[in-house]
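Residue numbers (the numbering used here), protein chains in the order written: chain A, 1 to 144; chain B, 145 to 288.
C-beta: ideal position from N, C-alpha, C; glycine also.
Owing to the predicted nature of the structure, the values given are computational and were not obtained by experimental measurement.
Below: the structure, in structure tokens.
Number of protein chains: 2
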Amino acid sequence: MFSKACEYGIKATVHICIRSQQHERVSLKNIAEKIDSPIAFTAKILQSLAKNDIINSSKGAKGGYEMSEDNFNKITLLDIVKAIDGDNIYNGCGLGYKNCNAKKPCPMHFQFKSIRDDLKKMLETTTLQELADDINEGTSFLVR
Amino acid sequence: MFSKACEYGIKATVHICIRSQQHERVSLKNIAEKIDSPIAFTAKILQSLAKNDIINSSKGAKGGYEMSEDNFNKITLLDIVKAIDGDNIYNGCGLGYKNCNAKKPCPMHFQFKSIRDDLKKMLETTTLQELADDINEGTSFLVR
DNA sequence: ACAAACTCGGATAAATTTATCCGATATAGA
DNA sequence: TCTATATCGGATAAATTTATCCGAGTTTGT
Numbered sequence: 001m002f003s004k005a006c007e008y009g010i011k012a013t014v015h016i017c018i019r020s021q022q023h024e025r026v027s028l029k030n031i032a033e034k035i036d037s038p039i040a041f042t043a044k045i046l047q048s049l050a051k052n053d054i055i056n057s058s059k060g061a062k063g064g065y066e067m068s069e070d071n072f073n074k075i076t077l078l079d080i081v082k083a084i085d086g087d088n089i090y091n092g093c094g095l096g097y098k099n100c101n102a103k104k105p106c107p108m109h110f111q112f113k114s115i116r117d118d119l120k121k122m123l124e125t126t127t128l129q130e131l132a133d134d135i136n137e138g139t140s141f142l143v144r
Numbered sequence: 145m146f147s148k149a150c151e152y153g154i155k156a157t158v159h160i161c162i163r164s165q166q167h168e169r170v171s172l173k174n175i176a177e178k179i180d181s182p183i184a185f186t187a188k189i190l191q192s193l194a195k196n197d198i199i200n201s202s203k204g205a206k207g208g209y210e211m212s213e214d215n216f217n218k219i220t221l222l223d224i225v226k227a228i229d230g231d232n233i234y235n236g237c238g239l240g241y242k243n244c245n246a247k248k249p250c251p252m253h254f255q256f257k258s259i260r261d262d263l264k265k266m267l268e269t270t271t272l273q274e275l276a277d278d279i280n281e282g283t284s285f286l287v288r
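Below is the structure:
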């Protein structure tokens, strides 16, 4: 469904959000350990999340990544997915046609559209804060 | 969403179904031209569809691919997707965890599950016959 | 029996995604 | 100012997906 880069990006952002709620900055090393991801690859993903203003990064000693409090309930899964995988997964045609629309639909168009719309809606209504809170409450689990 | 191999596989099967409704066998070359796919790559995909009993292949002169009439309304999109991409897209965890379930859910688990279930339901209730009929009626389009 | 028209399947190659390495640069603290 | 600790970012490598090539085998029709 999502690329590995995107999976890592979501996990990382959730972890950063949780720690930022506790006013703690986290290092790349810490993140990669927590979410069990390759460290250097994770660095690239975090860079791109930072460039997209989803997280903030600080260089140097005591540096690391954090999320601004304002962003807790502003950033959604959609922001992350869009930044890493682009919008193809919830906007693109199921058969890969570039010119597929209601006027000239591919055979799967209408069946697919409602699923894509649901997916998009889910992504854009799920905030990082919700995800973090669930984990804090023990309702869901990031680390296995 | 789906791999390119899977997209080609769906398009090819729909085309084969349409021609089989007209009692015509189609060659690899004809299929690849119609669905605008790389011919040799398409051959591999057709081989795997044939091995999964979704289509039948015949070697030699006048050979090619066809679908048995019985299969028109038996084969669904799910059969094709399962044969080519596996079941991960509608069964797998959104964050890639292998041990993600209602008892130990990942942060996206429940939001995702309903979408995956919808996707699976759509795939397993859409038959090749329906797709072919829509095209025959001019309601949808395979060739652009 | 032979030739033409096909698919099969193994070996490669190209493209993309995932992953690693490392020097450059920035920051905190002694 | 110096050192330890971080991220940044460019180069490279490994793995996977996509795509190509071609000889072998099969079938039809002559």
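Strand pairing of residue i, partner residues [DSSP]
i, result
"residue 104 of chain A", "A/101"
"residue 271 of chain B", "B/220"
"residue 14 of chain A", "DSSP lists no partner for residue 14 of chain A."
"residue 170 of chain B", "B/209"
Residue i versus the options, residue with shortest Cα-Cα distance
i, options, result
"residue 24 of chain A", "A/85, A/68 and A/52", "A/68"
"residue 252 of chain B", "A/54, A/98 and A/130", "A/130"
"residue 153 of chain B", "B/181, B/267 and B/279", "B/181"
"residue 268 of chain B", "B/203, B/225 and B/183", "B/225"
"residue 203 of chain B", "B/187, B/258 and B/164", "B/187"
"residue 282 of chain B", "A/1, A/102 and A/118", "A/102"
"residue 35 of chain A", "A/99, A/88 and A/7", "A/7"
"residue 220 of chain B", "B/164, B/158, B/205 and B/177", "B/158"
"residue 279 of chain B", "B/190, B/207, B/165 and B/248", "B/165"
Nonlocal neighbours in the same chain, by C-beta distance under 6 Å from residue i, ignoring five residues either side
i, result
"residue 55 of chain A", "16, 49, 65 and 67"
"residue 90 of chain A", "116, 119 and 120"
"residue 84 of chain A", "5, 6 and 9"
"residue 32 of chain A", "39 and 42"
Residues that residue i contacts on chain A, provided the C-beta gap is smaller than 9 Å
i, result
"residue 146 of chain B", "94, 95 and 96"
"residue 170 of chain B", "Within chain A, no residue comes near residue 170 of chain B; the closest Cβ sits about 17 Å away, beyond 9 Å."
Neighbour list for residue i in chain A, Cβ cutoff strictly below 8 Å
i, result
"residue 255 of chain B", "122 and 126"
"residue 225 of chain B", "By Cβ distance, chain A contributes nothing, its closest Cβ being about 10 Å from residue 225 of chain B, past 8 Å."
Closer than 8 Å at the beta carbon, the chain B residues around residue i
i, result
"residue 149 of chain A", "This structure leaves residue 149 of chain A out entirely; chain A is present only between 1 and 144."
"residue 106 of chain A", "284, 285 and 286"
Residues that residue i contacts on chain B, provided the C-beta gap is smaller than 7 Å
i, result
"residue 7 of chain A", "239 and 240"
"residue 11 of chain A", "239"
Chain-order list of residues whose beta-carbon lies under 8 Å from that of residue i (same chain, five-residue window excluded)
i, result
"residue 223 of chain B", "196 and 198"
"residue 95 of chain A", "106, 107 and 108"
*Ranges of the beta strand (DSSP E) found wholly within the region 196-266 of chain B, counting only runs of at least 3*: If only complete runs of 3 or more residues are kept, the region 196-266 of chain B shows the beta strand (DSSP E) at 200-202 and 208-210, in order along the chain.
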